[in-house]
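Working notes, beginning with the structure itself.
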Amino acid sequence: MIKRFLNYLSPAVWASTVALYGNGRLWREVWLQAARSRWAEVAAAIAFLWLLGLLGLSFVLLHLEQHQALPLPLGAEHLAQGLQTSPAIAPVDANVNLLGRWGLGLLGLGAWLCLVAGSQKLIQLVAIAYDGGSPRPVNWRTRLLPWGVTLLGLALAGLVFSLTKGAAGPQPGLAAQVGRLGRWAIALASIALGLAVVYRLAPRRWAPGLPLWPGVRLVLLLGLVGLGLRHWGLAWLAGQELAYGLLLALGLNLGALYGLILLVPVGAQVNLSALRHRGIASRPWGMPPSPPSPPSFESFKINRRD
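Below, the structure is given as structure tokens:
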């Protein structure tokens with residue numbers, strides 16, 4: 004196991020990974036698949052559905068905590084507060100209770116259905132990239148998969164919000180800095196595993212030798228860059244005192260959500276293209292190079308002329 008892990012950390016594997024990401028044919032395939040499957044339009048629909056669902060869910064969770072005296076887990080509380088403040092929306096007033104229990108229940112059900120509908124569209128994008136556009140049979144797996152992906156996404160979001168909230172403040176001392184880096188590492192590893200689960204379960208039939216991690220690594224890298232630019236943009240807007248700064252912050256958050264959604268099918272297509280190019284980076288995680296096949300008997304035959 005250690006030998007396989009060290010082989011994965013070898014410079015040759017990382018050089019082949021960089022060469023894979025710099026392959027022009029790979030990005031041409033990604034572009035063609037994006038145009039063929041209309042990723043831009045579907046990602047916009049997913050962002051709209053998820054935005055409605057997340058705002059409704061955060062509204063329900065915060066009102067349940069404030070008016071119904073329902074204790075929320077730490078991750079759910081951080082998730083609700085983060086979802087409400089991220090789109091630059093005014094916080095919930097604790098003295099205003101516009102909806103009763105039935106109203107909150109209906110709002111929560113509508114928010115959940117919006118989240119599931121968005122997850123179903125995202126799974127269809129990934130499945131089309133893997134299955135080549137072949138129709139998927141309607142069975143219990145295809146019906147329950149969007150529900151499971153929605154639950155997985157909410158659980159990961161709550162975990163990531165709770166970990167990053169704990170690591171956000173200035174913490175002096177070496178032990179505090181190590182703990183902060185450890186929380187960020189756990190958050191990134193959780194996101195990577197969740198994305199790998201989506202890539203593994205979305206296709207109808209998993210092709211032998213199809214890699215998972217080239218696409219996951221690319222999504223994590225570009226996602227971190229996008230979130231870093233979003234954080235920098237929000238910090239810059241906060242110090243400018245613009246008249247329409249709230250609208251600009253809302254547009255920046257929506258753009259970040261749209262970009263993160265669009266990265267998911269990109270990672271799936273990168274995995275598929277890595278299998279086609281048959282490079283070292285297309286091997287599954289930690290698998291050592293396969294030995295060359297022995298020469299066949301045909302190579303030793305002597306072609307004689309009559």
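Offset between the sequence shown (1-based) and the working numbering: plus 3. Cβ atoms here follow ideal geometry from the backbone N, Cα and C, with glycine treated the same way.
Closest to residue i by C-alpha separation, out of the options, would be which residue?
i    : options                   : result
R39  : H66, L52, A132 and V63    : A132
L58  : N26, L112, Q123 and A37   : L112
A259 : L245, V228, G106 and L278 : V228
L128 : R207, L240 and V45        : V45
L237 : G226, L225 and L253       : L253
G218 : V273, R28, Q36 and G231   : V273
T20  : H234, E244 and P214       : P214
R203 : Q243, V267 and G103       : V267
G56  : W143, A190 and L154       : L154
A271 : L251, A205 and Y261       : A205
V269 : R186, L225 and L257       : L225
R208 : W42, A114 and D134        : D134
L230 : A37, L191, Q243 and G242  : L191
W115 : L251, A47 and V63         : V63
Going straight from the alpha carbon of residue i to that of residue j, what length do you get?
i    : j    : result
R31  : L109 : 45 Å
L275 : L223 : 17 Å
W34  : I194 : 25 Å
S285 : W216 : Note that S285 scores 41 on pLDDT, short of 50, meaning its location in the model is unreliable; the coordinates nonetheless yield the value given after this. Cα to Cα, S285 sits roughly 8 Å from W216.
F164 : L65  : 15 Å
A210 : V200 : 15 Å
A118 : S61  : One point to set straight first is that residue 118 is Leu, not Ala, in the sequence displayed. Approximately 12 Å between the Cα atoms of the pair.
G248 : L54  : 20 Å
G121 : L52  : 6 Å
W239 : A160 : 25 Å
A158 : G151 : 11 Å
A50  : I264 : 7 Å
I189 : L221 : 18 Å
R28  : A22  : 11 Å
G156 : G197 : 8 Å
A246 : L255 : 16 Å
P287 : A18  : Low per-residue confidence applies at P287: pLDDT is 45, beneath 50, and the placement is therefore not dependable, though the value from the model is reported in the following sentence. Cα-Cα distance, rounded: 16 Å.
G106 : G25  : 52 Å
L278 : A130 : 16 Å
Q123 : R183 : 35 Å
A97  : G103 : Any answer about A97 is weak, because its pLDDT of 46 lies below 50 and its placement is not dependable; what the coordinates show is given next. Rounded to the nearest angstrom, the two C-alpha atoms are 14 Å apart.
L232 : R144 : 38 Å
T167 : H234 : 13 Å
V141 : Q243 : 52 Å
A47  : L250 : 18 Å
A91  : A43  : Because A91 sits at a pLDDT of 48, beneath the cut-off of 50, its placement in the model cannot be relied upon, and the following sentence gives the value as read from the coordinates. Taking the straight line from one Cα to the other gives about 24 Å.
R186 : A178 : 12 Å
L148 : G176 : 44 Å
Y261 : R41  : 14 Å
G212 : L125 : 23 Å
G282 : Q180 : Here G282 scores only 49 on pLDDT, less than 50, and its place in the model should not be relied on; the value that follows carries that caveat. Approximately 38 Å between the Cα atoms of the pair.
L67  : A241 : 31 Å
Q36  : L257 : 24 Å
L162 : R146 : 26 Å
The alpha helix (DSSP H) that contains residue i, what's its start and end?
i    : result
Y133 : R104 to D134
R220 : W216 to A241
R183 : L177 to L204
E32  : G27 to S40
Examine chain D for any beta-carbon lying closer than 9 Å to the beta-carbon of residue i, and answer yes or no.
i    : result
L251 : Chain labels in this structure do not include chain D; a single protein chain is all it has.
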